[in-house]
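Scroll down for the structure; my scribbles are underneath it.
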Amino acid sequence: MMNNKPKAPSSILSFAFFPLFFLLCFPSSVSAFNITKLLNQFPEFGAFNDYLTKTHLYEQINTRNTITVLALDNATVSAIAKNSLDTVKEILGAHIILDYYDPAKLRKLPVGKPTEITSMFQSTGDAVKQQGFLKIVHNKRGEIEFGSAAKGAPFSAMLVKSVASRPYDISVLQVSAPIVIPGIGVYNLPPPAPETLFVAPVEAPSPSPADDDVDDADSPSPSSQAPAESPRSSSPKSAEVADDADAPGPADSDADGSAGSRGRVAGAGVVLAGLVTLCLA
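And the structure:
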């Protein structure tokens, strides 16, 4: 007996195997990466990875073909720990950029001119007043800064390093602090480091020409100083002058002679007076 059952057209079989062939040959188009497994290789981001799991953000990340995650290490992510899980989801949603950025691409941004980009938080529909957008600036010091595009928001985070990347698919970048979104959550951020004041050393004032003149006036001039005495033996003439000064002069000899004569005369007068007295007696 002949089997008259119609055969399935070969075209139908081809279409049936095409999805399987597509999945085997192009797996990245279905799931480009697994952010949970990727961050499991880095224990310093364990708390951040745990938040992605609890908020189910990892599911949204894994469905994207191109994405950049701004990751916070265990110490830094504690700054948002006081918020509810729903608020943490909004905050971390703003740390997920819907485009590929690595350090090389960031440093090609215009210097000093902020660039506005879209975050995953914007895609939720819950962001208002630019809360779902970020601003990035390549400053003049060569640093990359991140901040919320909402009005009045500061550049609160800086690029630290690249953690992992798969070009044009996913890039995980470590940032120094959470991105502060005005109106959403509380942030336990450390106070900014105080600026170090430079105190110039005080130099002693140099003497002015007028001071030099005063010093010169106070110091004795060579002409006003008494000349040093030379020893008498150094010059024959000086020795003669000294000898002459010690010897008595002619005037001194006459004075001594006159005084001696007057003494002898007075003595003779006394003797004579005595004799006269004896005779009269």
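When the letters of the sequence shown are read in order and numbered with mature numbering (1 follows the signal peptide of the UniProt record, and there is no 0), they come out as residues -32 to -1, 1 to 249. Ideal Cβ placement from N, Cα and C applies to all residues, glycine included.
Residue i: first and last residue of the uninterrupted alpha helix (DSSP H) it sits in
i, result
"residue 138", "First-last for residue 138: 138 to 143, but that is the beta strand (DSSP E), not the alpha helix (DSSP H)."
"residue 29", "25 to 30"
"residue 58", "53 to 61"
"residue 16", "14 to 22"
"residue 71", "71 to 74"
"residue 43", "42 to 45"
"residue 5", "3 to 7"
Residue burial classification, residue i (beta-carbon count within 10 angstroms, cutoff 16)
i, result
"residue 157", "exposed"
"residue 197", "The pLDDT assigned to residue 197 is 48, lower than 50, so where the model puts this residue is not dependable; a value taken from the coordinates is nonetheless given after this. That one is exposed."
"residue 258", "Since the first residue of the chain shown is -32 and the last is 249, residue 258 is not available in this structure."
"residue 79", "exposed"
"residue 221", "Because the pLDDT of residue 221 is 45, which lies under 50, any placement of that residue in the model is unreliable, and the question is left without a value."
"residue 113", "buried"
"residue 118", "buried"
"residue 9", "exposed"
Straight-line Cα distance separating residue j from residue i
i, j, result
"residue 127", "residue 71", "8 Å"
"residue 115", "residue 12", "23 Å"
"residue 67", "residue 88", "10 Å"
"residue 46", "residue 58", "16 Å"
"residue 7", "residue 27", "14 Å"
"residue 25", "residue 18", "10 Å"
"residue 109", "residue 73", "17 Å"
"residue 105", "residue 136", "21 Å"
"residue 134", "residue 111", "23 Å"
"residue 41", "residue 51", "17 Å"
"residue 1", "residue 97", "32 Å"
"residue 101", "residue 85", "6 Å"
"residue 14", "residue 55", "19 Å"
"residue 77", "residue 90", "22 Å"
"residue 93", "residue 5", "28 Å"
Extent of the continuous beta strand (DSSP E) run through residue i
i, result
"residue 132", "125 to 134"
"residue 39", "35 to 39"
"residue 101", "101 to 106"
"residue 91", "Run containing residue 91: none in the beta strand (DSSP E); it sits in the alpha helix (DSSP H), 88 to 91."
"residue 114", "112 to 116"
Residue from the options whose Cα sits closest to the Cα of residue i
i, options, result
"residue 131", "2, 30, 19 and 39", "39"
"residue 16", "86, 33 and 63", "63"
"residue 22", "9, 66, 153 and 53", "53"
"residue 155", "138, 124 and 111", "124"
"residue 107", "43, 75, 65 and 20", "75"
"residue 69", "152, 98, 129 and 153", "129"
"residue 138", "33, 10, 98 and 94", "33"
"residue 159", "150, 145, 100 and 83", "145"
"residue 143", "44, 102 and 86", "44"
"residue 31", "3, 10 and 9", "3"
Distance between beta carbons of residue j and residue i, contact taken as under 8 Å
i, j, result
"residue 148", "residue 37", "Incorrect: roughly 18 Å between the Cβ atoms, too far for contact."
"residue 35", "residue 65", "7 Å"
"residue 121", "residue 150", "5 Å"
"residue 152", "residue 99", "6 Å"
Near the ligand COA: residue i beta-carbon under 7 Å from a heavy atom
i, result
"residue 70", "For the ligand COA, the structure offers nothing, since it holds no ligand at all."
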